[in-house]
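>
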Amino acid sequence: MANVMDSGTPRGAATRARILAATAGLLSVAGPRNLTVSEIARAAGVYPNQITHHYGSKDRLVLDAAFALFLRDTTRLQAAGRRAVGAEQFREVLARTALAMPSTVTVVQALANNGGDAAQRERVRLLLAVLFRQSERYLERVIREHGWTSVAGADRDARTFWSTVFGATLLASAGVSGNASDLNLAATISVTDPLQRPHIASR
Numbered sequence: 001m002a003n004v005m006d007s008g009t010p011r012g013a014a015t016r017a018r019i020l021a022a023t024a025g026l027l028s029v030a031g032p033r034n035l036t037v038s039e040i041a042r043a044a045g046v047y048p049n050q051i052t053h054h055y056g057s058k059d060r061l062v063l064d065a066a067f068a069l070f071l072r073d074t075t076r077l078q079a080a081g082r083r084a085v086g087a088e089q090f091r092e093v094l095a096r097t098a099l100a101m102p103s104t105v106t107v108v109q110a111l112a113n114n115g116g117d118a119a120q121r122e123r124v125r126l127l128l129a130v131l132f133r134q135s136e137r138y139l140e141r142v143i144r145e146h147g148w149t150s151v152a153g154a155d156r157d158a159r160t161f162w163s164t165v166f167g168a169t170l171l172a173s174a175g176v177s178g179n180a181s182d183l184n185l186a187a188t189i190s191v192t193d194p195l196q197r198p199h200i201a202s203r
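Note that full-length UniProt numbering gives residue 104 to position 104 of the sequence shown, counting from 1, and the numbers run on in steps of one.
1. How is the alpha helix (DSSP H) around ALA30 delimited, first residue to last?
2. Could you name each continuous alpha helix (DSSP H) segment of 4 residues or more that falls completely within the stretch 83-158, going from the start of the chain to the end?
3. Does the Cβ of ALA110 have 16 or more other Cβ atoms within 10 Å, making it buried, or fewer, making it exposed?
4. For THR36, which three-state DSSP category applies?
5. Measure the beta-carbon distance from THR149 to THR192 and round it to whole angstroms, keeping in mind my assumption that it falls under 8 Å.
6. Tell me whether GLY81 is buried or exposed, calling it buried when 16 or more other Cβ atoms sit within 10 Å of its Cβ.
7. Pop quiz: residue 213 and ALA98 are said to be a contact at Cβ under 8 Å. What is the actual Cβ separation, rounded to whole angstroms?
8. Per DSSP, what are the beta-bridge partners of THR192 in this structure?
9. Mapping DSSP to helix, strand and coil, what is SER57?
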């Protein structure tokens, strides 16, 4: 199997980037479910076999494009969090913004449509690791700047937060009664002000 991570020549890298950008544009409008290789090829101005050459499969390309959209939106989420006043508002802003991002639904759909082969599962693992690590570093930086604390630890906060976001979005997309905003997502982040005791749900 060809190494789909290898961009090859500068021309190949440009073609690869164009395919990814075109796919991301299509996903932002229609989502991943009915997207075809021919539609992607037309939008990118390439032949369908170039998509296979550069990405190996449509599922791999859609997954990468969905995460590209999503990671771009998380930078906006981080900017919104930095404008928050106090740890409580910080938690609420992150929760509200994450659930409102259109790319959250897109990436959850791409994950749900993910193929079952080992290479694709490994790709998912790597992309999630990037998301968790970037989020962990962001939380650590904000906590340090404000003198806040994380009761559970920034790494656990990041994983719990996004896992809950994805789970709630998946259930809402599947038509489960209620919607993702019903969830107290802010409570999954244990960041608090030094003199403020974290909220502990009654048992």
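Every residue gets a Cβ at the ideal spot worked out from N, C-alpha and C, and that includes glycine.
According to the structure data:
1. 10-30
2. 87-100, 102-112, 118-146
3. buried
4. Coil at THR36, not helix or strand.
5. Contact holds; Cβ gap of about 6 Å.
6. buried
7. The displayed coordinates of the chain run from 1 to 203. Any statement about residue 213 would go beyond what the structure contains.
8. THR149
9. SER57 sits in coil when the DSSP states are folded into three classes, being neither helix nor strand.
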